[in-house]
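> Shown below is the structure under consideration.
Numbering (our numbering), first residue to last: 2 to 191.
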């Protein structure tokens, strides 16, 4: 199934923080609001640019917090995260753009968060086959902040919408961000 993220035709087409609320995610006839990166969407994703990468990316697996919800009902591979779960964002590390256990010798983002945005994470097949240093790491589909505030480069939607989407996944799904003509950048499963 192809899941589409596109500018809402009724929304503001500028980039920056106000653009985050002007995006929608569509699948199987459902249309829901979503947030994208604070710098909008780009075909030239770089670490730290605050942009969401354009293209089509496989939904690799689901990570979730067992203390906050049951395992999501989905055909995608799923695994719980723990207090020691992290995601390496250090382009000099051999574990760049991979799940790691904290503490970790290189820079890594903590996945166990108090704000709830990582209660459910869908790992996207962006820059993972193999990872290229500096081309972007930790690009996820996750829970939106209140008011759909912008992300650091991920796509975010309301928890209920995310769980409904996961229930519709077949295991052969792609998240397509930007125009329908973007090249397929998902790559083979790692």
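Note that the Cβ used here is the ideal one computed from N, Cα and C, for glycine as well.
Going by DSSP in three states, residue 147 sits in which element: helix, strand or coil?
Residue 147 falls in the helix class under three-state DSSP.
> Between the C-alpha atoms of residue 70 and residue 117, what's the straight-line distance to the nearest angstrom?
Distance between the alpha carbons of residue 70 and residue 117: 11 Å.
> Less than 8 Å between C-beta atoms, sequence neighbours within five positions excluded: which residues of the same chain meet that for residue 88?
Same-chain partners within the cutoff: 98, 99, 100, 101, 109, 110, 112, 138, 139.
> Residue 39: buried (16+ other C-beta within 10 angstroms of its C-beta) or exposed?
Residue 39 comes out buried.
> Taking contact to mean at least 3 C-beta pairs separated by less than 8 Å, is the segment 78-92 in contact with the segment 148-158?
Contact between the segment 78-92 and the segment 148-158 is absent, because fewer than three Cβ pairs lie under 8 Å.
> Please state whether DSSP places residue 1 in a helix, a strand or coil.
The structure shown does not extend to residue 1, since the chain spans only 2 to 191, so no value can be given for it.
> For residue 168, count neighbouring C-beta atoms within 10 Å of its own C-beta (all shown protein chains included) and say buried if the count is 16 or more, exposed if not.
Residue 168 comes out exposed.
> Going by DSSP, what residue range makes up the beta strand (DSSP E) through residue 119?
That residue, residue 119, is in no beta strand (DSSP E); it is neither H nor E in DSSP.
> For residue 1, does the three-state DSSP call read helix, strand or coil?
Any question about residue 1 goes unanswered here, given that the chain covers just 2 to 191.
> Quick check on residue 135: does DSSP put it in helix, strand or coil?
Three-state DSSP puts residue 135 in coil, outside helix and strand.
> Quick check on DSSP: helix, strand or coil for residue 100?
Correct three-state label for residue 100: strand.
> If you compare alpha carbons, which of 107, 83, 85, 84 is closest to residue 92?
Comparing Cα positions, the closest option is 107.
> When you compare only the Cα positions, how much space is there between residue 60 and residue 114?
About 22 Å.
> Can you have a look at residue 175 and say buried or exposed, based on whether 16 or more other CB atoms are within 10 angstroms of its CB?
Buried, since its Cβ has 16 or more Cβ neighbours within 10 Å.
> Given residue 141, which residues of its chain have a CB within under 7 Å of its CB, disregarding the five upstream and five downstream residues?
Hits under 7 Å: 122, 123, 124, 125, 155.
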